[in-house]
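Participant:
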Amino acid sequence: KIAPDLTWPQIDAALGVIAEFGLAGVIATNTTLARPGFFAEVNQAGGLSGRPVERKSTEIVKYIARTTGGKLPIIGVGGICDTRGAAEKLDAGATLVQVYSGMIYRGPFFAKELAWGVAERQRG
31 KIAPDLTWPQ IDAALGVIAE FGLAGVIATN TTLARPGFFA EVNQAGGLSG RPVERKSTEI
91 VKYIARTTGG KLPIIGVGGI CDTRGAAEKL DAGATLVQVY SGMIYRGPFF AKELAWGVAE
151 RQRG
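Numbering-wise, the sequence shown is residues 31 to 154 according to our numbering.
1. Taking only the alpha-carbon atoms, compute the straight-line gap between LYS31 and ALA58 and give it to the nearest angstrom.
2. Please classify ILE134: is it buried, with 16 or more other beta-carbons within 10 angstroms of its beta-carbon, or exposed?
3. By how many angstroms is the C-alpha of LYS142 removed from the C-alpha of GLU84?
4. Should PRO82 go down as buried or exposed, given a rule of 16 or more other Cβ atoms within 10 Å for buried?
5. What does the alpha-carbon distance come out to for the pair PRO103 and PRO138?
6. Would you kindly work out how many angstroms separate the C-alpha atoms of GLU150 and ASP42, rounded to a whole number?
7. What are the start and end residues of the beta strand (DSSP E) that includes ILE110?
8. How about LYS119: is its Cβ closer than 7 Å to a heavy atom in the ligand MG?
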């Protein structure tokens, strides 16, 4: 997993290791240690996930896809709570998406709703 807290040169270094060892793909991204805005006052151990990481995660997916010429499979993760969020990751270059936030906030049928929504969007 590529963390959203990494700098672009650090991501480049990680991509170099992935290429050197012939790894099959990458997950972008994990949780963040940053606590932006409202979350700056929250004193909690562990990483922040959900909507606060959505934009940065999508930027990293796009960067990895562009840097690797679209040849490295990317699993886009981070703040996907609806079809729009999944579509943004796919449009940015993700091969697949992984969801957790949407499952937590929208329930067990979210995966089915998301699959239908993405399929409908691709047909449309």
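Glycine residues also receive a C-beta, built at the ideal position from the N, C-alpha and C atoms.
Facilitator: If we stick to the structure as given:
1. Taking the first residue of the sequence shown as 1, we reach residue 31 at position 1. Taking the first residue of the sequence shown as 1, we reach residue 58 at position 28. When rounded, the distance between both Cα atoms is 6 Å.
2. Residue numbering aside, residue 134 sits at position 104 when the sequence shown is read from its first letter. ILE134 should be labelled exposed.
3. As a working mapping, residue 84 is identified with position 54 in the sequence shown. As a working mapping, residue 142 is identified with position 112 in the sequence shown. Spanning the two alpha carbons is a distance of roughly 21 Å.
4. By one-based count along the sequence shown, residue 82 stands at place 52. Looking at its Cβ environment, which holds 16 or more other Cβ atoms inside 10 Å, PRO82 is buried.
5. On the sequence shown, residue 103 is found 73 positions in, with the first residue counted as 1. On the sequence shown, residue 138 is found 108 positions in, with the first residue counted as 1. One C-alpha to the other measures close to 26 Å.
6. Position 120 of the sequence shown holds residue 150. Position 12 of the sequence shown holds residue 42. Whole-angstrom Cα-Cα distance: 35 Å.
7. Locating residue 110 in the sequence shown gives position 80, counting from the first residue. Premise fails: ILE110 is in no beta strand (DSSP E) and is neither H nor E.
8. Looking for the ligand MG in the displayed structure turns up nothing, as the structure carries no ligands at all.
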